[in-house]
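Chemist: Residue numbers (my numbering): 655 to 688.
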Amino acid sequence: MTLSSSDASRRGFLNTSAVAAAGASLLAGLNPVR
655 MTLSSSDASR RGFLNTSAVA AAGASLLAGL NPVR
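#1: So, with DSSP's three-state summary, where would you put D659?
#2: Per DSSP, what kind of secondary structure is N685 in: helix, strand or coil?
#3: To the nearest angstrom, report how far apart S660 and A672 are at their CA atoms.
#4: From A678 to S658, what does the alpha carbon distance come to, in whole angstroms?
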């Protein structure tokens, strides 16, 4: 099973977006919107 560059970049993008979403939710939890 070979891993294409596009598949690797897609996986990296999903990982980055997941980390960004986690960071955003954490900031939202620390700074609740009134």
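Note that beta-carbon positions come from the ideal geometry of N, C-alpha and C, so glycine has one too. Here the structure is a predicted model, which means the values were calculated and not measured.
Modeler: Taking the geometry as given:
#1: Checking the sequence, you will find Ser at residue 659 rather than Asp. If DSSP states are grouped into helix, strand and coil, S659 belongs with the helices.
#2: DSSP places N685 outside both helix and strand once states are collapsed to three, so it counts as coil.
#3: In this structure, the CA atom of S660 is about 18 Å from the CA atom of A672.
#4: Between the C-alpha atoms of A678 and S658 there is a straight-line separation of about 30 Å.
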